[in-house]
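Protein sequences appear in the order of chains C and V. The end of the first sequence is residue 120 by this note's numbering, with every number in the run present. The end of the second sequence is residue 660 by this note's numbering, with every number in the run present. Ideal Cβ placement from N, Cα and C applies to all residues, glycine included. Working notes, structure below.
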Amino acid sequence: MGRILIVDDTLFMRTLLKNILFSGGHTIVGEAGDGDEAIAKYQELKPDLVTMDVVMPKVNGIEALKGIKTFDPNAKVVMCTAVGQEQMVKLAIKTGAKGYIVKPFQAPKVLEEIKNVLGS
Amino acid sequence: MSELDAYRSLYIAESRENHENIVKNLLVLESESSPEAIAEIFRAAHSLKGMSASMDFKGMERLCHAMEDVFQEIRNGKMAVTHTLMDTLLSASDTIETMLDDIEAGGPGIPDELDDRVDDLKRWIGHEEGVVPGGVPGPAPEHAIDMGIQDVAAPAIDMAGSSRYCISLCLNESCDNRNLRAMILLQNLEELGRLEKVTPDRSIVEDGDFDGRFTVEMVSDAGIDAIKTVTSSSDVKEAAIQDLQSPSSSPAVIKKATSPPVEKDEGKKPGLKSEKVEKGREVKNIRVDITRLDVMMNLVEDLVINRGRITEIAREHQMKDLDETLNMIGRSVSDLQNLMMNIRMIPLTHIFNRFPRTVRDIANREGKEVDFIIEGGDTELDRSVMDGLNDPLMHLIRNAIDHGIERPDIRVSAGKPRKGTLLLSARRDRDNVIITIQDDGQGINAERVRKKAIERGLVSAEEAGGLSREEVTDFLFRPGFSTADAITDISGRGVGLDVVRTTLEALKGTIKVESTEGAGSKFELLLPPTMAIVTVMMVRINGRRCAIPVHNVVEVASLEEECIHMIGGHETILLRNEVLPLDRLDDMFGNSPRTDILVVLQHQNRKRSIAVDLIEGQQEVVIKPLSTVVGTCRGVSGVTIPGDGEVVPVLDVNAIIKET
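Spelled out as structure tokens, the structure:
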């Protein structure tokens, strides 16, 4: 079970994801609403894994991923993707994202992916 | 109740924020090209889409998806924001609002016009490339990812002692975005060694043009177990790993159950296991249902009343020991009261944000050009006051554009700038919030108002001649009065400023207008920041107590019998050369033998005076509405219960002045 940082610009999505992750026994160490906050919280909290939304205000998910990877090349970041974001997620994977979960979230799939990435 | 219903209110609240954001930025975009606004709309539409998909609101998901697609094109510079496109986008955002209303009311959010709106948006996509409307899905163009990121370089690995492997992988049919999964697998393998060959070609796999099967030839010194770990994803149906340097070895095949493993925990519902939560330093804000705040406010009000009651009892029984404790309680209750007030305060931007859209639409329809300026949106008001404020403000803004600001040609010929200016501003002034709506239009034509007032029989021709400009403009606030000669779609239906005034009075506010012909009008709204607690003057009439809101009291004077004159069968008083009607309120409180104090009351521009026995002082009280059992009582706006527990009526000054 991991210590997870949730990054999404909507409280709604964060809450949804948080409840799924709780149900899988994970600990949510923090939440961030944009890329800048994500990078700052990553450095502060050093979570085991980050779930990263792609489209966010100010600094987007890809830039935040780059920032986090610069700080910690081994960071485990799982991208949250939706229909129509494939190109962005491809870019994220090339930048070093370790996994992806697809919106709308299905709890079992999310937990499976988190487990895989944490175990890798 | 479905599992998702628990998220409905959060969904609504956040979706409304996103919708407002879309509208706000659309209007920015209409006046200037702003990459920030485009990015913001794209993001908001995207968030809305994602949330809607999660809630299974398919209609909203479709509409937002279409909007997102349009903004993708705009963002990529493939489409310009034209006036017609803006109309399409604004209609779509209107539909979003309609859908949110429906969803909030428990509906699915699928209005009749939804299909049309989605089609309208889709028609724009590929507009310039002649793509058939509706034929949207397909991989987004490559430039979408042109963000200047280079592929991560393959790790340099010392190849001494490494083996060559052939890895055949087959992905599950149920896997979402198989190309992404394949990319991750390839990337993870790449971290273990050098990929020599990928079949089909890596770019084909990345684009998703494969059947879920692909083969990798690689050189690695990490060992077969590491490769097995990397390839054991739930999305991998089958993995065969062969060590090519030991020909005898048969491929290690990892097979998985054909049905996706997803099903196994289907029974698990996301539930809150708070004991596992590390109390987050991160959570600084919470959302609270407003009805809970209302209940809390009522409790605080009861506490305020009972604190007063206890203080009275302690005084009656001269219980000195209680004093200190009571002081402490008093302080805590005051703090609590102030805190509750603050919690209920919300910035005016909440309603101000809706107006730019209204201004834009009306101005377009009326063929007018308007520069709309909002100032002081951060001024805070109690939610209960704010709730009632939207309609009056909307009306005044409509009026300003419809009747105030002239058409560009007329403005130019009058030597004014082509574009009219409409200023909506708010500020805190001591105990009040002042909201101003000011335009630089044609102003109020006093002669026209005077003529209309005579026509409507509100005043005789002789009387009208003697009225001041201020008195004439006051006719505008009379029921059924409208000077608009042509009844437009927007205002001038005769339901007008009288409704605005009545609504504001219900909020314990006032409205006044200043207008200069040819130069514009200025409407000033004076509002209490909160309705719950009001400062009143406690008076006694015929021995009975009565509370008068202090904002209605102009002054207190002694009542000199010789100054009372009868004019038209009604008592009036001459106070410093001002003639004021005098009311005894006998019918409310009974005839009092010793009324020698005069209280001058004011409502709008009209003054009256009442006679009272005694002034007890000023007090901050909580005004409770009359119980439904009592019903409405003329002249009384509510009751209050001061410290001694007596129920005291609060005088409805507005009604008293209006009636007479």
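Original post:
Where does Pro-108 of chain C land, buried or exposed, given buried means 16+ other C-beta within 10 angstroms?
Top reply: Buried.
Original post:
Do Val-513 of chain V and Ile-444 of chain V come within 9 Å of each other at the CB atom, strictly closer than that value?
Top reply: Yes, the pair counts as a contact, with Cβ atoms nearer than the cut-off.
Original post:
Going along the segment 174-186 of chain V in order, which residues come within less than 7 Å of chain C, judged by CB to CB distance?
Top reply: From the segment 174-186 of chain V, only Asp-176, Asn-177, Leu-180, Met-183 and Ile-184 have a Cβ closer than 7 Å to chain C.
**OP:** Express the C-alpha separation of Ile-93 of chain C and Phe-210 of chain V in angstroms, rounding to a whole number.
**Re:** Taken atom to atom, the span from the alpha-carbon of Phe-210 of chain V to that of Ile-93 of chain C is near 19 Å.
Original post:
In chain order, which continuous runs of the alpha helix (DSSP H) of length 4 or greater are located wholly inside the segment 559-594 of chain V?
Top reply: For the segment 559-594 of chain V, the continuous alpha helix (DSSP H) assignments of 4+ residues that do not extend past its boundaries occur at 586-589, in sequence order.
Original post:
Are Leu-393 of chain V and Ile-434 of chain V touching if we call contact CB-CB under 9 Å?
Top reply: Cβ distance not < 9 Å, so Leu-393 of chain V and Ile-434 of chain V don't count as in contact.
**OP:** Please determine if the segment 6-15 of chain C and the segment 10-23 of chain V are in contact, where contact requires at least 3 C-beta pairs separated by less than 8 Å.
**Re:** Counting Cβ pairs under 8 Å, three or more are found: they touch.
**OP:** Indicate the three-state DSSP secondary structure (helix, strand or coil) for Gly-109 of chain V in the structure shown.
**Re:** Secondary structure at Gly-109 of chain V: coil, using DSSP grouped into helix, strand and coil.
Subject >> 7 Å Cβ cut-off: residues of chain C touching Gly-50 of chain V >> reply: By Cβ distance, chain C contributes Met-13, Ala-82 and Lys-103.
Original post:
Roughly how many angstroms separate the alpha carbons of Val-83 of chain C and Lys-103 of chain C, rounded to a whole number?
Top reply: Each residue's alpha carbon lies about 8 Å from the other.
Original post:
What residues in the segment 48-71 of chain C have a beta carbon less than 9 Å from any beta carbon of chain V?
Top reply: Those would be Asp-53, Val-54, Val-55, Met-56, Pro-57, Asn-60, Ile-62, Glu-63 and Lys-66, in chain order.
Subject >> Length of the line joining the Cα atoms of Phe-105 of chain C and Leu-381 of chain V >> reply: Whole-angstrom Cα-Cα distance: 39 Å.
Original post:
alpha helix (DSSP H) containing Met-43 of chain C: first to last residue?
Top reply: The sequence given here places Gln at residue 43 of chain C; Met does not occur at that position. 35-45 is the span of the alpha helix (DSSP H), which, as asked, contains Gln-43 of chain C.
**OP:** Below 8 Å on the Cβ atoms is my guess for Thr-95 of chain C versus Lys-69 of chain C; work out the distance and round it to an integer in Å.
**Re:** A Cβ-Cβ separation of about 7 Å places Thr-95 of chain C in contact with Lys-69 of chain C under the 8 Å criterion.
Original post:
Where does Lys-94 of chain C sit, in a helix, a strand or coil, going by DSSP?
Top reply: The answer is helix: DSSP assigns Lys-94 of chain C an H, G or I state.
**OP:** Give a yes or no on whether the minimum CB-CB distance between Gly-208 of chain V and chain C is below 9 Å.
**Re:** For Gly-208 of chain V, the answer is yes, since a Cβ of chain C falls inside 9 Å of its Cβ.
Original post:
Does DSSP put Gly-271 of chain V in a helix, a strand or coil?
Top reply: Its pLDDT being 40, under 50, Gly-271 of chain V is placed unreliably by the model, and the measurement read from it follows with that caveat. The answer is coil: DSSP assigns Gly-271 of chain V none of H, G, I, E or B.
Subject >> Beta-bridge pairing of Phe-523 of chain V - partner residues as DSSP gives them >> reply: DSSP, once it has assigned bridges, lists V:Ile-437 and V:Val-513 as partnering Phe-523 of chain V.
Original post:
Can you give, in chain order, each stretch of the beta strand (DSSP E) that sits fully within the segment 48-111 of chain V and has at least 3 residues?
Top reply: Segments of the beta strand (DSSP E) lying fully in the segment 48-111 of chain V: there are none.
Subject >> Where Pro-260 of chain V sits in the DSSP three-state scheme >> reply: Because Pro-260 of chain V sits at a pLDDT of 42, beneath the cut-off of 50, its placement in the model cannot be relied upon, and the point is left open.
Original post:
In three-state DSSP terms, what is Pro-649 of chain V?
Top reply: Three-state DSSP puts Pro-649 of chain V in a strand.
**OP:** In the DSSP assignment, find the unbroken alpha helix (DSSP H) run with Asp-378 of chain V in it and report its ends.
**Re:** Segment: none, Asp-378 of chain V is in no alpha helix (DSSP H) and carries neither H nor E.
**OP:** Using a Cβ cut-off of 9 Å, pull out every chain C residue sitting near Arg-43 of chain V, in sequence order please.
**Re:** Ordered by position in chain C, the residues that pass the 9 Å Cβ test against Arg-43 of chain V are Asp-9, Val-55, Met-56, Pro-57 and Asn-60.
Original post:
DSSP beta-bridge partners for Tyr-100 of chain C?
Top reply: Note: Tyr-100 of chain C sits in a beta bridge opposite C:Met-79.
Original post:
For Thr-473 of chain V, which of helix, strand or coil comes out of DSSP?
Top reply: Of the three classes helix, strand and coil, the one that applies to Thr-473 of chain V here is helix, per DSSP.
Subject >> Status (buried if at least 16 other CB within 10 Å, exposed otherwise) for Arg-634 of chain V >> reply: The Cβ neighbour count for Arg-634 of chain V, taken over all protein chains shown within 10 Å, is under 16; the residue is labelled exposed.
Subject >> Cβ neighbour criterion (16 or more within 10 Å) applied to Leu-272 of chain V >> reply: Low local confidence applies: a pLDDT of 38 at Leu-272 of chain V is under 50, so the model's placement there is unreliable, and no value is given.
Original post:
Listed from N- to C-terminal order along the chain, which residues in the segment 51-64 of chain V have their beta-carbon within a distance smaller than 7 Å of any beta-carbon of chain C?
Top reply: Listed by position along the chain: Met-51, Ala-53 and Ser-54.
Original post:
How about Tyr-11 of chain V: is its C-beta nearer than 9 Å to some C-beta of chain C?
Top reply: With a threshold of 9 Å between beta carbons, Tyr-11 of chain V makes contact with chain C.
Subject >> Lys-98 of chain C: contacting residues in chain V (beta-carbon distance under 9 Å) >> reply: Residues of chain V passing the Cβ test: Ile-184, Gln-187 and Asn-188.
Original post:
Whose C-beta lies closer than 7 Å to the C-beta of Asn-60 of chain C among residues of the same chain, with five residues either side of it excluded?
Top reply: Closer than 7 Å at Cβ, skipping near neighbours: Gly-35 and Val-54.
Original post:
Which residues in chain C sit within 7 Å of Glu-14 of chain V, going by Cβ to Cβ distance?
Top reply: Thr-10, Leu-11 and Phe-12, listed in chain order.
Original post:
When you check each C-beta in the segment 100-126 of chain V against every C-beta of chain C, which residues fall closer than 9 Å?
Top reply: Result list empty, no residue passes.
**OP:** For Pro-661 of chain V, write down the residues that DSSP places opposite it in a beta bridge.
**Re:** Outside the displayed range of chain V (1 to 660) lies residue 661 of chain V, so it cannot be described from this structure.
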